[in-house]
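Participant: Note that UniProt numbering numbers the sequence shown so that position 226 is 226, with each residue one more than the last.
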Amino acid sequence: MLTLLHRFVLNHSFPERTMVVNVFISAVTTDTLSRKDAVAWVNNLLKSHFTKVEEMASGAAYCQLTHLLFENSINLRKVKLNPKSEPDILTNWKVLTTSWKNLGIDKPVDVEKMKRAKFQDNMEFLQWFYKFFNANLVGDAEDYDAVGARFNEDLPALKGSSGARPAVAAVRPTAAPVAKPKAVAPSAAPNATKASVAPTVRNGTRPAPATSAGTQRSEPSQNEELLKQEIEKQKSLAADWETMAKEMESEREFYYSMLQRVEGLVHEADELKSTTIDVEALKAVLYQSNEEGEHEVEPTENGADSSQHRDSLPANLDDTETF
1 MLTLLHRFVL
11 NHSFPERTMV
21 VNVFISAVTT
31 DTLSRKDAVA
41 WVNNLLKSHF
51 TKVEEMASGA
61 AYCQLTHLLF
71 ENSINLRKVK
81 LNPKSEPDIL
91 TNWKVLTTSW
101 KNLGIDKPVD
111 VEKMKRAKFQ
121 DNMEFLQWFY
131 KFFNANLVGD
141 AEDYDAVGAR
151 FNEDLPALKG
161 SSGARPAVAA
171 VRPTAAPVAK
181 PKAVAPSAAP
191 NATKASVAPT
201 VRNGTRPAPA
211 TSAGTQRSEP
221 SQNEELLKQE
231 IEKQKSLAAD
241 WETMAKEMES
251 EREFYYSMLQ
261 RVEGLVHEAD
271 ELKSTTIDVE
281 ALKAVLYQSN
291 EEGEHEVEPT
301 ENGADSSQHR
311 DSLPANLDDT
321 ETF
């Protein structure tokens, strides 16, 4: 039995399995590409026309890049280079993952994520493949005939050439109306003499521009009125803001001076080596704008309200409070 097995092994040659260098990418990886550099890198290798990373979601580019790295590892005839439906995209990823499994590439591929064509998912995958490609590249990638390998099919299919021509054609109709009035002007007066027509053309006195000029003169007057009204509104708003700013500045100065007086009381207590501050003196500072007003707890004889300045204080004070 062993002899038969030995002869079978000798008489049948098995293809050697390509040695693959598996790589890993993390958040601290430094050799990464920007989105523009990544797209340019793929286009340079495959002579393709990708414009954004999201287009790599079809899987076709990864199939051909694998074909470039490992010769005959993928049958590009099975790859839908320009998929038109989701089943076509799934087919590409199935061809790719099957090939990677046979090669020994242990990179897990979340096809459900990739096929959604989200930038973040596709950019992370492309960053990993860039590192994987550089680790496994043998020889010069420039020797690879990318266009011939995919049977001269564009990747992806060109769309810019068909979209550029209408843009040029769209400019021509705008020039046509300008040329038409010149042809209409001579035919508008068939009964006029040649002598009368010639001076009008030479002097450039045309009725159509005169009417259009008249309408253009009336429009600025209306716009000027609107602008004047808007300017008046802005001036009024500016005056209101200026008044409000002055009021806020005066209030700031008032409370700042009050704070300075309280600070003076604290310094006096420090100099006297006292742990308390005279509450009456503190009240005199806090309610200096209305000395005869009432305290929030004890009203005075005339019952005046001093809440104008007390509303901004964080808490009430009584005779037992100390600092």
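Glycine residues also receive a C-beta, built at the ideal position from the N, C-alpha and C atoms.
The structure displayed is predicted, hence computed values, not measured ones.
Determine the extent of the alpha helix (DSSP H) in which K94 is found, giving its start and end residues.
Facilitator: Run containing K94: E86 to L103, per the alpha helix (DSSP H) assignment.
Participant: Contact between the segment 57–66 and the segment 75–93: three or more CB pairs below 8 Å?
Facilitator: yes
Participant: Can K131 and D121 be called in contact, C-beta distance under 8 Å?
Facilitator: no
Participant: Using the three-state DSSP reduction, which class does S34 fall into: helix, strand or coil?
Facilitator: coil
Participant: Does the segment 139–153 come into contact with the segment 38–56, if we say contact requires no fewer than three beta-carbon pairs (one atom in each stretch) closer than 8 Å?
Facilitator: yes
Participant: Which residue's Cα is closest to the Cα of K273: L265, L155 and M244?
Facilitator: L265
Participant: Alpha helix (DSSP H) containing L22: first to last residue?
Facilitator: The question names Leu, but residue 22 is Asn in the sequence shown. Premise fails: N22 is in no alpha helix (DSSP H) and is neither H nor E.
Participant: Helix, strand or coil: how does DSSP classify F151 here?
Facilitator: coil
Participant: Tell me which residue opens and which closes the alpha helix (DSSP H) that Y287 is part of.
Facilitator: That residue, Y287, is in no alpha helix (DSSP H); it is neither H nor E in DSSP.
Participant: Please classify H67: is it buried, with 16 or more other beta-carbons within 10 angstroms of its beta-carbon, or exposed?
Facilitator: buried
Participant: So the alpha helix (DSSP H) A117 belongs to, where does it begin and stop?
Facilitator: For A117, there is no enclosing alpha helix (DSSP H), as DSSP gives it neither H nor E.
Participant: Keeping to the same chain, check which residues put their C-beta closer than 7 Å to that of M19; ignore five residues upstream and five downstream.
Facilitator: none
Participant: Can V279 and M258 be called in contact, C-beta distance under 8 Å?
Facilitator: Taking 8 Å as the cut-off, the Cβ atoms of V279 and M258 do not count as close.
Participant: With distances taken Cα to Cα, identify the nearest neighbour of V95 among L65, T276 and E268.
Facilitator: L65
Participant: Please report the straight-line C-alpha distance between V262 and S250, rounded to a whole angstrom.
Facilitator: The alpha-carbon atoms of V262 and S250 are separated by roughly 19 Å.
Participant: Kindly give me the distance between the Cβ atoms of F119 and V53, rounded to whole angstroms, as I take these residues to be in contact under 8 Å.
Facilitator: 6 Å
Participant: On the three-state DSSP scale, how would you describe T243?
Facilitator: helix
Participant: Spatial neighbours of A281 within its chain, please: C-beta separation below 7 Å, excluding the five flanking residues on both sides.
Facilitator: Correct list, in chain order: L265.
Participant: Going along the chain, which residues of its own chain have a beta-carbon closer than 6 Å to the beta-carbon of I105, five neighbours each way excluded?
Facilitator: V20
Participant: Cutting at 6 Å between CB atoms, please list the residues of its own chain near I74, excluding the five before and the five after it.
Facilitator: C63, T66, H67 and S99
Participant: Kindly list the residues whose CB is nearer than 7 Å to the CB of I25, restricted to its own chain and excluding five residues on each side of it in sequence; keep chain order.
Facilitator: Q127, W128 and K131
Participant: Suppose you measure from the CA of W93 to the CA of D37; what does that come to, to the nearest Å?
Facilitator: For W93 and D37, the distance between alpha carbons rounds to 24 Å.
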